[in-house]
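The structure appears right after this line, and notes come after that.
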Amino acid sequence: CARNAEALLKNGAFVDARCKEIGFTPLLSAAGSGYPDCVRVLIRYRADTAICDNKGRSALLLAADPLSLEGNASDDAKLDVIKALLDAGVPYSTLLSAHEIAKDLRSEGAEKMLRQALLAADYFLPPLDAIRVHFLLHVAASAPSRSTYVEL
Numbered sequence: 001c002a003r004n005a006e007a008l009l010k011n012g013a014f015v016d017a018r019c020k021e022i023g024f025t026p027l028l029s030a031a032g033s034g035y036p037d038c039v040r041v042l043i044r045y046r047a048d049t050a051i052c053d054n055k056g057r058s059a060l061l062l063a064a065d066p067l068s069l070e071g072n073a074s075d076d077a078k079l080d081v082i083k084a085l086l087d088a089g090v091p092y093s094t095l096l097s098a099h100e101i102a103k104d105l106r107s108e109g110a111e112k113m114l115r116q117a118l119l120a121a122d123y124f125l126p127p128l129d130a131i132r133v134h135f136l137l138h139v140a141a142s143a144p145s146r147s148t149y150v151e152l
């Protein structure tokens with residue numbers, strides 16, 4: 001993935017090309033599929049790390065969501081993607097899109113998504129920020145409806 005992406009980008013491919021049906025860009029697809037090397041290449045070529053798909057999901061949220069896992073990517077690969085995104089300056093607050101968390105917490109993969117988000121917070125954030133993320137995810141988990149919003 002990474003070598004192919006770099007070859008295309010060197011030859012003028014648009015780094016933020018978007019699929020009209022679902023709104024995925026190469027970065028969103030690589031993040032959701034667990035390809036950290038590809039994510040790093042796309043970031044190096046200035047992919048828009050703030051872009052979201054048509055459902056409002058960021059690259060960071062897709063990387064943390066086990067339901068977006070495609071192919072044979074491991075949990076470790078997805079954590080590497082999360083680290084690459086955070087290292088590139090993506091604010092961890094994009095992981096806390098309240099309407100997505102409220103919806104996902106009622107889905108089959110919600111517990112795994114929360115575990116990955118908390119692992120990412122513990123590994124990649126300063127201790128006080130990690131505590132804040134744990135608290136906000138707990139609040140979102142106990143939200144009575146999808147209309148509950150949590151802000152940083």
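Residues 1 to 152 (UniProt numbering) are what the sequence shown spells out, left to right. For glycine and all other residues, C-beta sits at the position ideal for the given N, C-alpha and C. Note that the structure is predicted; figures quoted are calculated from it, not measured.
The C-alpha of C52 lies about 10 Å from the C-alpha of L62. In the DSSP secondary-structure assignment, S58 is bridged to C52.
Contact annotation, K83 with G34: C-beta distance approximately 12 Å; criterion of less than 8 Å not satisfied. One thing to note: A47 has its Cβ no nearer than 8 Å to the Cβ of D76.
Taking C-beta separations shorter than 7 Å and ignoring five residues to either side along the sequence, the partners of A5 in its chain run P26, C38, V41, L42, following chain order. Each of K20, F24, A30 was checked against the Cα of R3, and the nearest Cα belongs to A30. Taking the C-beta atoms as reference points, V81 is found no nearer than 8 Å to T49.
Taking the C-beta atoms as reference points, Y45 is found nearer than 8 Å to L9. Approximately 13 Å separates the beta-carbon atoms of G32 and N54; this is outside 8 Å, ruling out the contact. Taken atom to atom, the span from the alpha-carbon of S74 to that of A64 is near 12 Å.
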